[in-house]
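> Sharing a structure, written as structure tokens. Questions coming.
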Amino acid sequence: METPSWVGRYFDAEHAAYAHQQLLASEALLLGRTTYEIFASSWPGLEDTEGDFAVRMNAMPKYVVSATLSSAEWKNTTVLGGGDPAAAVAEVRRRHAGDVLVYGSGRLADALLGAGLVDELKLWVHPVVVGAGRRLFRDGGTPSQWRLEEAVPFGSGGVVLDYRPQTPGTRGGGDPG
């Protein structure tokens, strides 16, 4: 969940191709403030080295859920103030019928999961134990059941686990019982 300085050695051409396909299939990005600030400070200057992935990142509509950010400098970014994830998702869904991608944004992802607003969960697992860091799922969060839709292994030892809500249409809600 922290800024993953260790991930570079595992993020190879296979990972990049998968991430590229995922980004191209999405209509918009939804980010929390911290992830937005990290991305906004790097992606605008990466078009020459990262090619069409960076071009897409910079061109696509981006939405930031934040109670503290009042404006955004990164091209095509809208700040959804108030820090209300449910209202943010409703607004983004009103504007975009297709997939909305959330990168990182741990607190936002946790809030969306708790509100039952996630219809797909892709967990990128790398073969490393960091030993410390922030948790993705907070204690006391809303329990839910998920089914494994697909596991995508990579030569580096990493894997993307693609989960969907156990009960279709629940968007991550439901009794875990």
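Counting from 1, position 165 in the sequence shown corresponds to residue 165 in the UniProt record's numbering; the numbering is continuous, with no gaps. By construction, the Cβ of each residue, glycine as well, lies at the ideal position given by its N, Cα and C atoms.
#1: Buried or exposed: which applies to Ser71, given that a residue is buried once 16 or more other Cβ atoms fall within 10 Å of its Cβ?
#2: What does the alpha-carbon distance come out to for the pair Ala111 and Gly32?
#3: Taking Cβ positions only, does Leu69 come closer than 8 Å to chain B?
#4: Could you name the residues of the same chain whose beta carbon sits closer than 6 Å to that of Glu47, not counting the 5 residues immediately before and after it, in chain order?
#5: Given this structure, state the Cα-to-Cα distance separating Arg164 from Ser42, to the nearest angstrom.
#6: Between Val129 and Lys75, what straight-line distance do the alpha-carbon atoms span, to the nearest angstrom?
#7: Going along the chain, which residues of its own chain have a beta-carbon closer than 8 Å to the beta-carbon of Glu14, five neighbours each way excluded?
#8: Give the list of continuous alpha helix (DSSP H) stretches no shorter than 4 residues that lie fully inside the segment 6-63.
#9: Per DSSP, what kind of secondary structure is Pro85 in: helix, strand or coil?
#10: What are the start and end residues of each continuous alpha helix (DSSP H) run of 4 or more residues lying completely inside the segment 94-121, in chain order?
#11: Measure the beta-carbon distance from Leu113 to Gly141 and round it to whole angstroms, keeping in mind my assumption that it falls under 8 Å.
#12: Helix, strand or coil: how does DSSP classify Val92 here?
#13: Quick check on this structure: which residue in Val65, Glu73, Leu69 has the alpha carbon closest to the alpha carbon of Ala86?
#14: Please report the straight-line C-alpha distance between Thr49 and Met60, rounded to a whole angstrom.
#15: Report the rounded CA-to-CA distance for Leu136 versus Gly51, giving the unit in angstroms.
#16: Three-state secondary structure (DSSP) at Trp124?
#17: How many angstroms separate the CA atom of Ala88 from the CA atom of Thr68?
Judging by the given coordinates:
#1: exposed
#2: 11 Å
#3: Chain labels in this structure do not include chain B; a single protein chain is all it has.
#4: Ala54, Val55
#5: 31 Å
#6: 36 Å
#7: Phe154, Gly155, Ser156
#8: 13-24, 33-40, 47-59
#9: helix
#10: 106-114
#11: 7 Å
#12: helix
#13: Val65
#14: 18 Å
#15: 30 Å
#16: strand
#17: 15 Å
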